[in-house]
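Q: Residue numbers are given in my numbering: position 333 of the sequence shown equals residue 803, and the series is strictly consecutive.
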Amino acid sequence: MKEQIPYKIYLDESELPKSWLNLRAFMDKKPAPLLNPKTLKPMTAEELSSIFCTELARQEVDDVTKYIEIPDEIRDFYKMYRPAPLIRAYCLEKELNTPAKIYYKFEGNNTSGSHKLNSAIAQAYYAKNQGLKGVTTETGAGQWGTALSMACSYFGLDCKVFMVKCSYEQKPFRREVMRTYGANVTPSPSPTTEVGKKILAEFPGTTGSLGCAISEAVEVASKTDGYRYALGSVLNQVLLHQSVIGLETKTALDKYGEKADIIIGCAGGGSNLGGLIAPFMVEKIKGERDYQIIAVEPASCPTLTRGKYAYDYCDTGKVCPLAKMYTLGSGYIPSSSHAGGLRYHGMTTTLSELYDQGLMQARAVEQTEVFKAAVQFARIEGILPAPESSHAIKVAIDEALKCKETGEEKTIVFGLTGTGYFDMYAYQKYNDGVMGDYIPTEEDLKKGFDGIPKINL
Ligand SMILES: *Cc1c(COP(=O)(O)O)cnc(C)c1O
471 MKEQIPYKIY LDESELPKSW LNLRAFMDKK PAPLLNPKTL KPMTAEELSS
521 IFCTELARQE VDDVTKYIEI PDEIRDFYKM YRPAPLIRAY CLEKELNTPA
571 KIYYKFEGNN TSGSHKLNSA IAQAYYAKNQ GLKGVTTETG AGQWGTALSM
621 ACSYFGLDCK VFMVKCSYEQ KPFRREVMRT YGANVTPSPS PTTEVGKKIL
671 AEFPGTTGSL GCAISEAVEV ASKTDGYRYA LGSVLNQVLL HQSVIGLETK
721 TALDKYGEKA DIIIGCAGGG SNLGGLIAPF MVEKIKGERD YQIIAVEPAS
771 CPTLTRGKYA YDYCDTGKVC PLAKMYTLGS GYIPSSSHAG GLRYHGMTTT
821 LSELYDQGLM QARAVEQTEV FKAAVQFARI EGILPAPESS HAIKVAIDEA
871 LKCKETGEEK TIVFGLTGTG YFDMYAYQKY NDGVMGDYIP TEEDLKKGFD
921 GIPKINL
């Protein structure tokens, strides 16, 4: 006899994953390697270790080791806020009157308010272990900067954050949380770096982008002794660390004999989705079970749905390695939408390759419909979702309503990546009815595409 499924499936501390899952190691056709921007040859771990911590550089290029053990120090920190609950959205199901079962993995139960802490603590640990003084980074919406500030303060590391200017202005309290954890926060683009000065001269009045902020942070890391650069998404190492999300989700479902049919996540750089789907995609690749996997992105930054699959720069200043990914071009500066964490021009190489192989789907949604879903969810499930996460909510609701039409009892699992307490300015715009939608024209996109380097291999 099956047990009644609780509203929240909590796992024991002992069920916290002991290893991360390296999805690339299971792929038949691997994602293309990062290229050195000068030589156009694949980056070695050694070359990468001038930018990243040595151990992280090693993880970055490792596409053969299937499971990588999580060091005890990182697991101890995870235990403060993990395992994260998998929540059955009984109330939402009832309101939608759908035969579908809806589950969400909630990653907002920590002060940084999102899944980003899962990788931040790992990156800070490896930096500390290597004897570094500190790390530099960029932050868009502020979640990554907050997470890294928390992780650095835990290990006694210095943290320099370049925060995309529009977020810096829209979210002063995010900035204060970072400073409370001891970080130094600079709005980007800034006149404190060479690349920042160049961007400011070229685009005066720009509200910035993740691509600019990354260039600034990399520049400072490479010019400052005892510092390395840390990135909150896009990289293979980040997807690896985020696999705890998927591993826990699978353990929780297995506990109750539940099988997902549809797995949905929002996609900025692709780390939460890459982590959520990891163990499920392994089954799919092995032909053990099929899953419909949907990446949801903003219509204002439609990387997978309208981008090109090509080698491109990861940052505006072109100082980082080149990655083969779905991209809108490193010069593409999306409109200042309220889902700051989804405003990146590219998509992690693993998801790009899986998408190209037809193993997952993508959908672009408009901002106002995302907030409509966010408000509906907040009112019935109680959690105030981050705008980024609400992209996944929107598509989960759409899929549940499709089930209502067809009468199919599908099981939908989506990633609720974080809370939206620092996004109340965006909610205010929505509540006041003055939020707009912005969809780039073909012409807007062409400008970005024109900047993609012509590299044929
Ligand atoms: C950063 C962020 C995202 C998007 O980043 P991914 O790397 O695509 O996961 C989504 N949700 C929240 C709450 C975030 O902070």
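For every residue, glycine included, the Cβ atom is placed at its ideal position computed from N, Cα and C.
Anyone know if the C-beta pair for Glu718 and Lys571 falls short of 9 Å?
A: Here residue 718 corresponds to residue number 248 of the sequence shown, with the count starting at 1. Here residue 571 corresponds to residue number 101 of the sequence shown, with the count starting at 1. In this structure, Lys571 does not lie closer than 9 Å to Glu718 by Cβ.
Q: With hydrogens ignored, establish whether the beta-carbon of Cys784 is closer than 8 Å to any heavy atom of ligand 1.
A: Within the sequence shown, residue 784 is the residue found at index 314, counting from 1. The answer is no for Cys784.
Q: Between the beta-carbon of Gly801 and the beta-carbon of Gly918, is there less than 9 Å?
A: What you label residue 801 is simply residue 331 of the sequence shown in a count that begins at 1. What you label residue 918 is simply residue 448 of the sequence shown in a count that begins at 1. Yes. Within cutoff.
Q: Quick one, are the C-beta atoms of Ser807 and Leu491 less than 9 Å apart?
A: By one-based count along the sequence shown, residue 807 stands at place 337. By one-based count along the sequence shown, residue 491 stands at place 21. No. Outside cutoff.
Q: Leaving aside the five residues before and after Gln640 along the sequence, list all residues of the same chain whose C-beta is less than 6 Å from its C-beta, in chain order.
A: Here the question's residue 640 lines up with position 170 in the sequence shown. Hits under 6 Å: Tyr895.
Q: Leaving out five residues before and five after Leu647 in sequence, what residues of the same chain have Cβ atoms less than 7 Å from its Cβ?
A: Against the sequence shown, residue 647 aligns to sequence position 177. What sits at residue 647 in the sequence shown is Val, not Leu. Around Val647: Thr616.
Q: What I want to know is whether the C-beta of Ala866 ends up closer than 8 Å to one or more non-hydrogen atoms of ligand 1.
A: In the sequence shown, the residue the question calls residue 866 occupies position 396. Not so, every heavy atom of ligand 1 lies at least 8 Å from the Cβ.
Q: Counting only C-beta atoms, is Lys693 closer than 9 Å to chain C at any point?
A: Absent from the structure: chain C. Only one protein chain is present.
Q: I need the DSSP call for Cys771, collapsed to helix, strand or coil.
A: In the sequence shown, the residue the question calls residue 771 occupies position 301. Looking at Cys771 - three-state DSSP - the assignment turns out to be coil, as it is neither helix nor strand.
Q: What I want to know is whether the C-beta of Val429 ends up closer than 8 Å to one or more non-hydrogen atoms of ligand 1.
A: The chain is shown from 471 up to 927; residue 429 falls before or after that span and cannot be answered.
Q: Pull up the distance between the alpha-carbon of Ile803 and that of Ala834, whole angstroms please.
A: Here residue 803 corresponds to residue number 333 of the sequence shown, with the count starting at 1. Here residue 834 corresponds to residue number 364 of the sequence shown, with the count starting at 1. One C-alpha to the other measures close to 17 Å.
Q: Does the Cβ-Cβ distance between Asn654 and Val531 come in under 9 Å?
A: As a working mapping, residue 654 is identified with position 184 in the sequence shown. As a working mapping, residue 531 is identified with position 61 in the sequence shown. No, these two residues do not count as a Cβ contact at 9 Å.
Q: Report yes if the C-beta of Glu858 is less than 8 Å from at least one heavy atom of ligand 3; otherwise report no.
A: Ligands in the displayed structure: ligand 1; ligand 3 is not one of them.
Q: Apart from the five residues just before and just after Thr662, which ones in its own chain have a Cβ nearer than 7 Å to its Cβ?
A: Indexing the sequence shown from 1 puts residue 662 at position 192. Excluding residues within five positions, the ones whose Cβ falls inside 7 Å are Thr656.
Q: According to DSSP, Leu792 sits in a beta bridge with which residue or residues?
A: In the sequence shown, residue 792 corresponds to position 322, counting from 1. For Leu792, which the question treats as bridged, DSSP gives the partners Leu505, Tyr783.
Q: Between which two residues does the alpha helix (DSSP H) carrying Asp724 extend?
A: Along the sequence shown, one-based indexing puts residue 724 at 254. Element bounds for Asp724: 706-725.
Q: So what does Ser658 bridge to, in DSSP terms?
A: Sequence index remark: in the sequence shown, residue 658 carries index 188 (1-based). DSSP, once it has assigned bridges, lists Val634 as partnering Ser658.
Q: I need the DSSP call for Glu836, collapsed to helix, strand or coil.
A: For the purposes of this step, residue 836 is taken as the residue at position 366 of the sequence shown. Looking at Glu836 - three-state DSSP - the assignment turns out to be coil, as it is neither helix nor strand.
Q: State the Cα-Cα distance for the pair Tyr697 and Ser805, rounded to the nearest angstrom.
A: Residue numbering aside, residue 697 sits at position 227 when the sequence shown is read from its first letter. Residue numbering aside, residue 805 sits at position 335 when the sequence shown is read from its first letter. In a straight line, the C-alpha of Tyr697 is about 32 Å away from that of Ser805.
Q: Specify, as a first and last residue, the run of the alpha helix (DSSP H) that Asn690 falls within.
A: Here residue 690 refers to the residue found at position 220 of the sequence shown. Checking the sequence, you will find Val at residue 690 rather than Asn. Note, Val690: alpha helix (DSSP H), 680-693.
Q: Can the beta-carbon of Leu504 be found less than 9 Å from the beta-carbon of Thr887?
A: As a first step, residue 504 is located in the sequence shown; it is residue number 34 there, counting from the start. As a first step, residue 887 is located in the sequence shown; it is residue number 417 there, counting from the start. Cβ distance not < 9 Å, so Leu504 and Thr887 don't count as in contact.
Q: I believe Asp782 touches Pro923 by the beta-carbon criterion, under 8 Å. Please report the beta-carbon distance rounded to the nearest angstrom.
A: Residue numbering aside, residue 782 sits at position 312 when the sequence shown is read from its first letter. Residue numbering aside, residue 923 sits at position 453 when the sequence shown is read from its first letter. Right, their Cβ atoms sit about 7 Å apart.
Q: Measure the C-alpha to C-alpha separation of Arg849 and Gly716 and round it to an integer number of angstroms.
A: On the sequence shown, position 379 is the one that residue 849 refers to. On the sequence shown, position 246 is the one that residue 716 refers to. In a straight line, the C-alpha of Arg849 is about 27 Å away from that of Gly716.
Q: In whole angstroms, what is the alpha-carbon distance linking Gly739 and Val690?
A: On the sequence shown, position 269 is the one that residue 739 refers to. On the sequence shown, position 220 is the one that residue 690 refers to. So the alpha carbons of these two residues sit roughly 22 Å apart.
Q: Per DSSP, Pro855 is paired with what?
A: Taking the first residue of the sequence shown as 1, we reach residue 855 at position 385. Pro855 is bridged to Thr889.
Q: Indicate, with yes or no, if ligand 1 has a heavy atom lying under 8 Å from the CB of Thr888.
A: To locate residue 888, count along the sequence shown from 1; it is residue 418. Note on identity: in this sequence residue 888 is Gly, with Thr being the wrong assignment. The answer is yes for Gly888.
Q: Whole angstroms is fine: what's the gap from Ser623's alpha carbon to Tyr651's?
A: Walking along the sequence shown from the start, residue 623 turns up at place 153. Walking along the sequence shown from the start, residue 651 turns up at place 181. Approximately 6 Å, taken between the alpha carbons.
Q: Can you check which of these residues, Val883, Lys899, Gly828, is closest to Gly499 by C-alpha distance?
A: For this step, residue 499 is matched to residue 29 along the sequence shown. According to the sequence shown, residue 499 is Lys rather than Gly. Checking every option, the nearest Cα to that of Lys499 belongs to Gly828.
Q: Is any heavy atom of ligand 1 found at a distance shorter than 8 Å from the C-beta of Gly816?
A: Position 346 of the sequence shown, counted from the start, is the residue given in the question as residue 816. No, Cβ of Gly816 sits at least 8 Å from all heavy atoms of ligand 1.
Q: Using only the heavy atoms of ligand 1, determine whether one of them is closer than 8 Å to the beta carbon of Asn742.
A: Translated into positions along the sequence shown, residue 742 becomes position 272. Yes.
Q: Between Ser484 and the rest of its own chain, which residues show a CB-CB distance below 6 Å, the 5 nearest in sequence each way excluded?
A: Numbered from 1 along the sequence shown, position 14 holds the residue referred to as residue 484. Once the five neighbours on either side are set aside, Ser484 has no close Cβ partner at all.
Q: In the DSSP output, which residue or residues are listed as bridge partners for Ile734?
A: Here residue 734 refers to the residue found at position 264 when the sequence shown is read from its first residue. Looking at the DSSP assignment, Ile734 forms a beta bridge with Ile764, Phe884.
Q: Is the stretch 626-640 touching the stretch 665-683 in the sense that three or more CB pairs, one from each, lie closer than 8 Å?
A: The stretch 665-683, when compared against the stretch 626-640, does touch it at the 8 Å Cβ threshold.
Q: Closest to Val708 by C-alpha separation, out of Ala527, Ile732, Lys478, Gly890, would be which residue?
A: Reading the sequence shown from its first residue, position 238 is the one you call residue 708. Out of Ala527, Ile732, Lys478, Gly890, Ala527 has the C-alpha closest to the C-alpha of Val708.
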